[in-house]
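For what it's worth, the working numbering labels the leading residue of the sequence shown as 960, then goes sequentially.
The C-beta atom is built at its ideal place from N, Cα and C for all residues, glycine as well.
Notes follow the structure.
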Amino acid sequence: MTDAILLEREGGLLTLRLNRPDKKNALTRAMYSQLGTALQQADSDPEIKAVLITGSLQCFTAGNDIADFLQEPPSDLDSPVFQFMRSLLECRKPVVAAVAGAAVGIGTTLLLHCDLVYVSADAKLRMPFVNLGLCPEFGSSLILPRLLGQAKAAELLLLGEAFTGEQAAAWGIASQALPSAEATFAKAREMALRFDQLPPEAVRISKQLMKAPDRELLRRVVEEEGKLFVQRLRSPEALAALSGFLKR
Ligand code: COA
């Protein structure tokens, strides 16, 4: 395992820390594979009670590595990014996120599938899929209109408007916004460690109940979005926008 993903254990808490500071924690295929494997192992390890996903105090993640998108775009729904997100969507243990700095693209999308999300009030979240010639992914086209209403969700998904951690908490995307990155990390750790003291089977059943009503619909939407996303990545619109970013 390279050090672009750091695995840390504290009691029953497994922390997955994105650690690629020179590229703003942009996620590569290798990183998705490591994250997916770690989540699956955590899910089946009775000693692990919760998983915390985080980045650095400066940056959560700039989203999918754009060079990877051009050189080795996901070709089907078994690609590493899909395996990682499937592991997250199907994870039976509670998953907590701690977000400071930028959370772009999948960095925002993945928060929709965490159970508890703590954000720095000045964190900057954004899903610029349309701006890059792409489309929403991993259930965001279902979850965000339901959570925010069509009109607000359209600002985020059709225009790719950025929003703050404070807004994310007000809209129910995050559990709570904290005044600093340090306070965010401390709060997320404190809340994630609470699962060490709770009966794991009761936690598991309760999470399952919360997810069950939408599970089949979500799986179908994720598949539909995924097929379109894979097609969009090869479209002239996306190729121009993605190469434009790298040529800045
Ligand atoms: N993929 C690949 N490389 C990325 C990247 C990404 N998603 N995001 C940032 N980087 C790289 C930059 O190319 C730069 O590399 P370099 O130093 O070798 O030139 C380095 O990370 C630092 O990025 P920079 O843009 O200079 O940092 P910043 O603090 O000014 O801005 C962001 C940070 C996250 C706001 C900005 O990098 C950004 O918008 N990234 C793209 C986000 C995106 O569109 N993601 C894809 C969603 S599908």
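Of the residues 1198, 1045, 1083, 1151, the one placed nearest residue 1179, counting alpha carbons only | 1045
Going by the CB atoms, is the gap between residue 1022 and residue 964 shorter than 8 angstroms?
-> no
Sorted by chain position, which residues of the same chain lie with C-beta nearer than 8 angstroms to residue 1223's C-beta, five sequence neighbours on each side aside?
-> Limits of the chain in this structure are 960 at one end and 1207 at the other, which puts residue 1223 out of reach.
Simplified DSSP state of residue 1115, which is helix, strand or coil | It is helical.
If we ignore side chains and look at the alpha-carbon of each, how far apart do residue 1148 and residue 1011 end up?
-> 8 angstroms
Identify which residue in 1108, 976, 1102 has its Cα closest to the Cα of residue 962.
-> Relative to residue 962, the option among 1108, 976, 1102 whose CA is nearest is 976.
Would residue 1127 pass as a contact of residue 1133 if the rule is Cβ separation under 8 angstroms?
-> Taking C-beta atoms as the reference points, residue 1127 and residue 1133 count as a pair closer than 8 angstroms.
Residue 1022 CB to nearest heavy atom of the ligand COA below 7 angstroms | yes
Within the chosen definition, does the region 1154-1170 reach the region 976-994 through at least 3 CB pairs nearer than 8 angstroms?
-> no
Helix, strand or coil for residue 967 per DSSP?
-> strand
Is residue 1092 near the ligand COA, going by C-beta to nearest heavy atom under 7 angstroms?
-> no
Going straight from the alpha carbon of residue 1075 to that of residue 984, what length do you get?
-> 21 angstroms
Answer yes or no: the CB of residue 1185 versus the heavy atoms of the ligand COA, is any distance below 7 angstroms?
-> Taking 7 angstroms as the cut-off, one finds no heavy atom of the ligand COA near enough to the beta carbon of residue 1185.
Cβ separation of residue 1092 and residue 1196, assumed to be a contact under 8 angstroms, to the nearest whole Å | In this structure residue 1092 touches residue 1196 by the C-beta definition: roughly 3 angstroms separates them, less than 8 angstroms.
Length of the line joining the Cα atoms of residue 1090 and residue 1002 | 35 angstroms
Of the residues 1008, 995, 1033, which one's Cα is nearest the Cα of residue 1156?
-> 1008
N- and C-terminal bounds of the alpha helix (DSSP H) containing residue 1003 = 988-1003
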